[in-house]
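Comments concern the structure below.
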DNA sequence: CCTACCGATCGGTAGG
DNA sequence: CCTACCGATCGGTAGG
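Residue numbers (UniProt numbering), protein chains in the order written: chain A, 1 to 197; chain B, 1 to 197.
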């Protein structure tokens, strides 16, 4: 009971921060703007998160937690992992704010001294490893087209997701996020991604 | 003769701005930092470019001019256009600063009110149209694999280039920019990209 | 949690 | 081109 209100307040702040980061990036966001959206002063916000960076860390932490939860990504390497990524894209299309946040931060964090730089290094490595493993399994069962290198396939698959998101945000009407992903997988696999109806 | 020095000075400022934008993005850059790198005061810089936005416009203008020059991209739709893109990637690998600039600005400019937003809208549309046309030609000559949709192929090709660049900047050792592009084209085409030796 | 404040930095202007 | 300045905004702290 006792810390309940504080915990809710913290969650509200994290949510507001995620939205503002998506709109303006991390460096482009101010504690005052985030605080205003949850109805407090920026000094009040600093009572919950001692620094600007601490708030960013909390946002990234919650994103990871949400991802793990949705994925149950324990999914064994193979088609299931790829289906999970497509499902993630479907989820993202319905929640553009997540795409905003992710794309803005990823691009900003290219700078080695950005506080989210290590987070994204880790993120890319993990994503690639997971996808490489899946393509390797598919190769061994003949579900990957002849001559397709699992490592290139994985690297380009991840890059494609990221590039599509930026392009989708810039010219939304011109980009079919999920369709493009399926198209690409179709060009690599010898079997349909989804079980036939 | 007369305006020679001023023109050179302007070029110096634009070059410095491009570097700083690549490091810190547009919003993250200050006129004072750019001015310092060319050895003048920020007020002096504003003598050459009346506002921060005017300097950004000049940077983008010069980029376009350089692109057109290198491309002679009048290259007729078809394999030549795709080869040009691969050549661009080869050029970029040797000039990471260009990739920094482009990736940072593109991501920032996702925001509709960003001063470079329209520039990137135009940029994406043009790139897509050029590549779509080329894939259509290749389809008509049987050089595109059966069942590959030219529009999806073009959209994903552009997205892949952008996504690869961000990932390359974040984890340079793990990403083969040019190889990934060739891999991708290889999975779409029925003919080699380059004429056999 | 708030008010009030700090030092730093920003883009831009005045006036030469 | 420079010095000097302006108003605005920033993250963070003091003190309650």
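Built from N, CA and C at the ideal position, the CB exists for glycine as well. On a predicted model such as this, the values are computed, not experimentally measured, just so you know.
(request) Look up residue 144 (chain B) in the DSSP assignment and give the residues it is bridged to. (result) Paired residues: B:189.
(request) Determine the closest residue to residue 188 (chain A) out of A:159, A:85 and A:139, with distance taken between C-alpha atoms. (result) Nearest C-alpha to residue 188 (chain A): A:139.
(request) Report the residue from A:168, A:171 and A:160 whose alpha carbon sits nearest the alpha carbon of residue 166 (chain B). (result) Nearest of A:168, A:171 and A:160 to residue 166 (chain B), Cα basis: A:160.
(request) Measuring only between beta-carbons, confirm whether residue 136 (chain B) sits less than 8 Å from chain A. (result) With 8 Å as the cut-off, residue 136 (chain B) does not count as an interface residue toward chain A.
(request) Find out if the Cβ-Cβ distance for the pair residue 128 (chain A), residue 158 (chain A) is shorter than 8 Å. (result) Here residue 128 (chain A) is near residue 158 (chain A), since their CB atoms are less than 8 Å apart.
(request) Count the other C-beta atoms from every protein chain shown that fall within 10 angstroms of the C-beta of residue 80 (chain B), then say buried if there are 16 or more, exposed otherwise. (result) The residue in question, residue 80 (chain B), is exposed, as its Cβ has fewer than 16 Cβ neighbours within 10 Å.
(request) Could you tell me which chain A residues have their CB closer than 8 Å to the CB of residue 97 (chain B), listed as they occur along the chain? (result) Residues of chain A passing the Cβ test: none, with the nearest at roughly 13 Å.
(request) Flag residue 184 (chain A) as yes if its beta-carbon sits less than 8 Å from any beta-carbon of chain B, otherwise no. (result) Chain B, which has a Cβ nearer than 8 Å to the Cβ of residue 184 (chain A), makes this yes.
(message) For a minimum of 4 consecutive residues, which ranges assigned as the alpha helix (DSSP H) are wholly contained in the stretch 150-188 of chain A?
(response) Every alpha helix (DSSP H) of 4 residues or more that sits fully in the stretch 150-188 of chain A is shown, in chain order, as 150-170 and 177-188.
(request) Note down the Cα distance separating residue 85 (chain B) from residue 186 (chain A), rounded to an integer number of angstroms. (result) The C-alpha of residue 85 (chain B) lies about 23 Å from the C-alpha of residue 186 (chain A).
(message) I need the boundaries of the alpha helix (DSSP H) containing residue 85 (chain B), first residue and last residue.
(response) 79-94 is the extent of the alpha helix (DSSP H) around residue 85 (chain B).
(request) Quick one: which residues of the stretch 106-126 of chain B get their C-beta closer than 8 Å to a C-beta of chain A? List them in chain order. (result) With the criterion set as a beta carbon lying under 8 Å from some beta carbon of chain A, the members of the stretch 106-126 of chain B are 106, 107, 108, 109, 110, 111, 117, 120, 121, 124 and 125, in sequence order.
(request) Mind reading off the beta-carbon distance from residue 100 (chain A) to residue 11 (chain A)? Whole number of angstroms is fine, and I expect it under 8 Å. (result) Actually they are not in contact, since the Cβ atoms of residue 100 (chain A) and residue 11 (chain A) sit about 19 Å apart, beyond 8 Å.
(request) Using a Cβ cut-off of 8 Å (strictly closer), state whether residue 156 (chain A) contacts chain B. (result) Yes, residue 156 (chain A) counts as interfacial toward chain B.
(request) Give a yes or no on whether the C-beta atoms belonging to residue 14 (chain A) and residue 59 (chain A) are separated by under 8 Å. (result) Yes, they are a contact pair.
(message) The alpha helix (DSSP H) that contains residue 21 (chain A), what's its start and end?
(response) Counting along the chain, the alpha helix (DSSP H) containing residue 21 (chain A) begins and ends at 4-24.
(message) Under 7 Å, CB to CB, which of the residues in the stretch 140-151 of chain A have a partner in chain B?
(response) Close to chain B, meaning a Cβ-Cβ distance shorter than 7 Å, are the following residues of the stretch 140-151 of chain A: 148 and 149.
(message) The alpha helix (DSSP H) that contains residue 76 (chain B), what's its start and end?
(response) Where residue 76 (chain B) is concerned, there is no enclosing alpha helix (DSSP H), given that its DSSP letter is neither H nor E.
(request) Could you work out which residues of chain A lie near residue 104 (chain B), taking near to mean beta carbons separated by less than 9 Å? (result) At a C-beta separation below 9 Å, residue 104 (chain B) has these neighbours in chain A: 107, 108, 110 and 111.
(request) Give the secondary structure of residue 110 (chain B) by DSSP, where H, G and I count as helix, E and B as strand, and everything else as coil. (result) Coil.
(message) Taking the straight line between their C-alpha atoms, what separation do you get for residue 28 (chain B) and residue 21 (chain B)?
(response) So the alpha carbons of these two residues sit roughly 8 Å apart.
(request) Please report the Cβ distance between residue 170 (chain A) and residue 110 (chain B), rounded to the nearest whole angstrom; I am assuming they are in contact, meaning their Cβ atoms lie under 8 Å. (result) About 6 Å; that satisfies the 8 Å criterion.
(request) Return helix, strand or coil for residue 121 (chain A), following the three-state DSSP convention. (result) In the three-state DSSP reduction, residue 121 (chain A) falls in the helix class (H, G or I).
(message) Along the chain, where does the alpha helix (DSSP H) containing residue 33 (chain B) start, and where does it finish?
(response) Residue 33 (chain B) -> alpha helix (DSSP H) spans 31-38.
(request) Starting from residue 44 (chain A), trace the alpha helix (DSSP H) both ways and give me its first and last residue. (result) If you look at residue 44 (chain A), you'll find it in the alpha helix (DSSP H) that goes 42-48.
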